[in-house]
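Student:
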Amino acid sequence: MNFLPSKTNTTLLIASIVVASLGVITVTKPLTNCPKLESRLYQVVQSSNPAETTARSGLYYSHGKIRVIIELTDPTGSLPPGRQLSIESRYHALIQALVPVEDLCDLSNEPSIKFIRAPSELQLLQPSVK
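Just so we're aligned, residue 1238 is where the sequence shown starts under this note's numbering, counting upward by one.
What follows is the structure, encoded as structure tokens:
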């Protein structure tokens, strides 16, 4: 390892001192890593107004819970116990449930969860015109 001053190291050191002297440094809690959560759902989790964010995204939201599709790693597996969610339906490894927004990231990080996404949008058939 080279501990001799370099132009880059000196610049970073000076920048750090200037920022620190201005009192600009703020320590924030690192964001929870949710790699198994669809991006639209992650935006809801990060939002200060989940009801508004879900409405803009066309997602179902009621009483602090959002409708999601949970894909399990094992088709015969089960959801981790102790979760405050409401299961609406299940087909093999896919579970449709209402999950509290604040629990989405933690739930997505469970080993038994493969992915959490929003339900597919219903596509109505249009009558053909002759």
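Just so it is clear, CB atoms sit at the ideal spot from N, CA and C, and this is done for glycine as well.
Could you tell me the distance, in whole angstroms, from the CA atom of PHE1352 to the CA atom of TYR1279?
Tutor: 12 Å
Student: At a cut of 8 Å, does the stretch 1303-1316 reach the stretch 1329-1345 through at least three beta carbon pairs?
Tutor: yes
Student: According to DSSP, what are the bridge partners of SER1323?
Tutor: Residue pairing of SER1323 in beta bridges, as defined by DSSP: LEU1335.
Student: On the three-state DSSP scale, how would you describe TYR1279?
Tutor: Correct three-state label for TYR1279: helix.
Student: What number of angstroms, rounded off, separates the C-alpha of GLN1333 from the C-alpha of LEU1309?
Tutor: 11 Å
Student: Give the secondary structure of ILE1353 by DSSP, where H, G and I count as helix, E and B as strand, and everything else as coil.
Tutor: strand
Student: Restricting to runs no shorter than 3 residues, where is the beta strand (DSSP E) found entirely within the stretch 1285-1320?
Tutor: 1302-1309
Student: From GLN1283 to SER1294, what does the alpha carbon distance come to, in whole angstroms?
Tutor: The straight-line gap separating the alpha-carbon atoms of GLN1283 and SER1294 is approximately 14 Å.
Student: Does any C-beta atom of chain B lie closer than 8 Å to the C-beta of ALA1334?
Tutor: Protein chains in the displayed structure number just one, and chain B is not present.
Student: When DSSP builds the beta bridges, which residues end up paired with LEU1274?
Tutor: Note: LEU1274 sits in a beta bridge opposite ILE1353.
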